[in-house]
Amino acid sequence: MLLTNRNMIAIDLGSSSIKMLELSGSREKKIVALGLKTIPEGLIVGGGIENPTEVGQIISALAKQLGIRLKGRRAAISIGGTSVIIRRLLLDDASDIVNVDDLVKSDFEQQFQLGIEDLCTNFYLDSENQYPDGKMPVVTAATKQVTVQKHIAAIKSSGLKIGLIDCSALALVNVLEYTYGKVPGLSVIISVGAQSTQLVFTLFGQYYYNRDIPYGGNHYTEEIARLLKIDKAKADSLKISANSSQGETPAELIKIFSEVNAQVIFEIAGTIDFFFSANELPAEITKVQSFFITGGGSHVLGLDAAIATKFGVSVSILAPFHKVDSGKFEMDYVLSQGHFYANAVGLALRKFEDDLE
Ligand SMILES: Nc1ncnc2c1ncn2[C@@H]1O[C@H](COP(=O)(O)OP(=O)(O)OP(=O)(O)O)[C@@H](O)[C@H]1O
Ligand SMILES: [Mg+2]
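Each residue of the sequence shown is one higher than the one before, counting from 89 in the numbering used here.
Right, here's the structure in full:
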């Protein structure tokens, strides 16, 4: 088949909004289209789609708004949240790959409480990072068949074809490497979404581990609404304006931010402790060397500073458009939107390989 346009359209199906991004170019990337649309609460929960047709309609409407014609085009999407489980294993030898499904089967079955036949699994060999003794890292992922089918149904009902289905955590690892190269030591990407916060651990740029914690930007809104006895819309605008009000934030609001920040940090610290206890790491890796923060909720007042204070390490903003040409968009606008698009950039960088239909 002759493909007239091989760029995939990256679609990040978030719980509060759907982001769409198209990049052109092979080495130098340039933005062709960029935008997002808010979705009703409850439509995408924990990475799973409740109503694929409705999601398809929102994707079509967003594409129309951005001037993208969907017919014949392919989408790169990801599955995230608690809907997907990723494991990094070390094989004694690359030829052990034939047994990879057996190695993780019982773990995946137990996690999902389903037989392997009802799961969709995939893996990649990380041959670039093979150990000197021949041990081979492999990253393997599983999700429920039904979750994948709903994602495919949503994409198809918008008129798009599926080009690639990734895991959100791996899309974040991809954008980190594209933007900053192989980051030395142990890094944690903290992606603060609406309902949850995704933590992704990388060691010298390789995926190592990820976990979702059940607090996201919406948790701040809910706490502001509850404690100040105001409705959610008002609470949300207080949360968003607090960042730009330059020292005028009322003390009671600052107190709420710092309490919720402390809850989020408590979960991050617990996850880091677990990470160190559950992994055999090289002796020189004794602490997290860098944090990269992203996601709409990462702009919440004081979160980056509170993380830096707690762990004694500087926190960088993951700027996914740092190396991307802004094309027809104003550079300032693109940079100001970066926190929403890390996942989408990670997907848009992927190459189309197979027609999955
Ligand atoms: N300027 C801002 N300051 C603070 N919070 C913000 C700001 N802008 C957006 N948010 C919050 O960011 C959250 C949405 O972020 P994002 O779009 O990354 O989530 P999502 O991808 O839809 O969700 P998830 O990844 O959890 O599925 C909301 O809670 C929103 O209120
Ligand atoms: Mg998200």
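Every residue gets a Cβ at the ideal spot worked out from N, C-alpha and C, and that includes glycine.
Whether Leu131 touches Val120 by CB criterion (8 angstroms): Position 43 of the sequence shown holds residue 131. Position 32 of the sequence shown holds residue 120. No. Outside cutoff.
Completely contained alpha helix (DSSP H) runs for the region 112-155, where each covers 4 or more residues: 140-154
According to DSSP, is Ser246 helix, strand or coil? Residue numbering aside, residue 246 sits at position 158 when the sequence shown is read from its first letter. Coil at Ser246, not helix or strand.
Suppose you measure from the CA of Ile360 to the CA of Tyr296; what does that come to, to the nearest Å? By 1-based counting over the sequence shown, the position of residue 360 is 272. By 1-based counting over the sequence shown, the position of residue 296 is 208. When rounded, the distance between both Cα atoms is 12 angstroms.
Which residues in the same chain as Leu207 place their Cβ atom closer than 8 angstroms to its Cβ, once the five residues preceding and following it in sequence are excluded? Here residue 207 corresponds to residue number 119 of the sequence shown, with the count starting at 1. Hits under 8 angstroms: Phe196, Glu197, Phe200, Ala230, Thr231, Lys232 and Gln233.
Taking 7 angstroms as the cut-off, is the CB of Asn39 close to at least one heavy atom of ligand 2? Examination of residue 39 is not possible in this model, given that the chain is present from 89 through 445 alone.
With 16 as the cutoff for other CB atoms within 10 Å, does Ala282 come out buried or exposed? As a working mapping, residue 282 is identified with position 194 in the sequence shown. Its Cβ being crowded by 16 or more others within 10 Å, Ala282 is buried.
Residue burial classification, Arg157 (beta-carbon count within 10 angstroms, cutoff 16): Here the question's residue 157 lines up with position 69 in the sequence shown. Arg157 should be labelled exposed.
Nearest neighbour of Tyr429, chosen from Val263, Glu372 and Ile395 [CA to CA]: If you number the sequence shown from 1, residue 429 lands on position 341. Residue Val263 is the option with its Cα nearest to Tyr429.
Meets three-Cβ-pair contact criterion under 8 angstroms: the region 319-332 and the region 391-406: no
Report whether the distance from the Cβ of Asp100 to the nearest heavy atom of ligand 2 is below 7 angstroms. On the sequence shown, position 12 is the one that residue 100 refers to. The answer is yes for Asp100.
Close Cβ partners of Ser284 (< 6 angstroms) along its chain, the five nearest in sequence each way excluded: Translated into the one-based positions of the sequence shown, residue 284 becomes position 196. Once the five neighbours on either side are set aside, the close Cβ partners of Ser284 are Asp300, Pro302 and Gly304.
Is the beta carbon of Leu260 closer than 8 angstroms to that of Ile243? Taking the sequence shown and counting its residues from 1, one reaches residue 243 at position 155. Taking the sequence shown and counting its residues from 1, one reaches residue 260 at position 172. Result no, Cβ atoms of Ile243 and Leu260 do not sit closer than 8 angstroms.
Could you check the C-alpha separation between His410 and Asp420 for me, to the nearest Å? Locating residue 410 in the sequence shown gives position 322, where the first residue counts as 1. Locating residue 420 in the sequence shown gives position 332, where the first residue counts as 1. Rounded to whole angstroms, His410 to Asp420 spans 11 angstroms at the Cα level.
Return the residue from the list Phe292, Lys343 and Asn349 that minimises the CA-CA distance to His307. Residue mapping note: residue 307 aligns to position 219 of the sequence shown, counting from 1. Among Phe292, Lys343 and Asn349, the Cα nearest to that of His307 is on Asn349.
Cβ of Val433 versus every heavy atom of ligand 1: is any distance shorter than 7 angstroms? Along the sequence shown, read from residue 1 onward, the residue named residue 433 stands at position 345. Checking the Cβ of Val433 against ligand 1 gives no.
Who are the near neighbours of Leu389 in its chain, counting only those whose CB is closer than 6 angstroms to its CB and skipping five residues on each side? Here residue 389 refers to the residue found at position 301 when the sequence shown is read from its first residue. Correct list, in chain order: Ala330, Asn331 and Phe345.
Measure the CB-CB distance between Ala98 and Leu423 and report whether it falls below 8 angstroms. Within the sequence shown, the letter at position 10 stands for residue 98. Within the sequence shown, the letter at position 335 stands for residue 423. No. Outside cutoff.
First and last residue of the uninterrupted alpha helix (DSSP H) at Ser325: Locating residue 325 in the sequence shown gives position 237, counting from the first residue. Here the alpha helix (DSSP H) through Ser325 covers Lys320 to Ala330.
Which residues in the same chain have their Cβ closer than 6 angstroms to the Cβ of Met96, if we skip the five residues on either side of it in sequence? Start at 1 with the first residue of the sequence shown, and residue 96 comes out as number 8. Same-chain partners within the cutoff: Arg162, Ala164, Gly251 and Phe440.
Can you determine whether any heavy atom of ligand 2 sits closer than 7 angstroms to the C-beta of Gly134, and answer yes or no? Here residue 134 refers to the residue found at position 46 when the sequence shown is read from its first residue. Incorrect: Gly134 has no Cβ contact closer than 7 angstroms to ligand 2.
Counting along the chain, where does the beta strand (DSSP E) carrying Asp100 start and finish? Taking the sequence shown and counting its residues from 1, one reaches residue 100 at position 12. Element bounds for Asp100: Ile97 to Leu101.
Thr209 versus Asp180 - alpha carbon distance: The count along the sequence shown starts at 1 and reaches residue 209 at position 121. The count along the sequence shown starts at 1 and reaches residue 180 at position 92. Taking the straight line from one Cα to the other gives about 21 angstroms.
Going by DSSP, what residue range makes up the beta strand (DSSP E) through Tyr295? Numbered from its first residue, the sequence shown carries residue 295 at position 207. From DSSP, the beta strand (DSSP E) with Tyr295 extends over Gln294 to Ile301.
Over what stretch of residues does the alpha helix (DSSP H) that includes Ala350 continue unbroken? Mapped onto the sequence shown, residue 350 falls at position 262. Unbroken alpha helix (DSSP H) run through Ala350: Ala339 to Ala366.
Three-state secondary structure (DSSP) of Gly281: Along the sequence shown, read from residue 1 onward, the residue named residue 281 stands at position 193. Gly281 falls in the coil class under three-state DSSP.
Could you give the distance in angstroms between the alpha-carbon of Lys125 and the alpha-carbon of Tyr219? As a working note, residue 125 is residue 37 in the sequence shown. As a working note, residue 219 is residue 131 in the sequence shown. When rounded, the distance between both Cα atoms is 44 angstroms.
Return yes when at least one heavy atom of ligand 2 lies under 7 angstroms from the C-beta of Gly222, else no. One-based indexing of the sequence shown puts residue 222 at position 134. Incorrect: Gly222 has no Cβ contact closer than 7 angstroms to ligand 2.
Nonlocal neighbours in the same chain, by C-beta distance under 7 angstroms from Leu315, ignoring five residues either side: The sequence position of residue 315 within the sequence shown is 227, counting from 1. Cβ within range, chain order: Ile344.
Assigned secondary structure, Lys223 (DSSP; H/G/I helix, E/B strand, else coil): Counted from its first residue, the sequence shown places residue 223 at position 135. Three-state DSSP puts Lys223 in coil, outside helix and strand.
Pop quiz: Gly123 and Leu150 are said to be a contact at Cβ under 8 angstroms. What is the actual Cβ separation, rounded to whole angstroms? The count along the sequence shown starts at 1 and reaches residue 123 at position 35. The count along the sequence shown starts at 1 and reaches residue 150 at position 62. Rounded, the Cβ-Cβ distance is 6 angstroms, consistent with contact.
Is any heavy atom of ligand 2 found at a distance shorter than 7 angstroms from the C-beta of Gly123? On the sequence shown, residue 123 is found 35 positions in, with the first residue counted as 1. Checking the Cβ of Gly123 against ligand 2 gives no.
Could you tell me if Asn187 is buried or exposed, where buried requires 16 or more neighbouring beta carbons within 10 angstroms of its beta carbon? For the purposes of this step, residue 187 is taken as the residue at position 99 of the sequence shown. Asn187 is exposed by the Cβ-count criterion.
Does the beta-carbon distance from Gln286 to Ser245 come in below 8 angstroms? By one-based count along the sequence shown, residue 286 stands at place 198. By one-based count along the sequence shown, residue 245 stands at place 157. Contact flag unset, no.
Report the rounded CA-to-CA distance for Gly383 versus Ser105, giving the unit in angstroms. Walking along the sequence shown from the start, residue 383 turns up at place 295. Walking along the sequence shown from the start, residue 105 turns up at place 17. Rounded to whole angstroms, Gly383 to Ser105 spans 11 angstroms at the Cα level.
Note the first and the last residue of the continuous alpha helix (DSSP H) segment covering Phe417. Stepping through the sequence shown from its first residue, residue 417 is reached at position 329. Careful: Phe417 lies outside any alpha helix (DSSP H) and carries neither H nor E.
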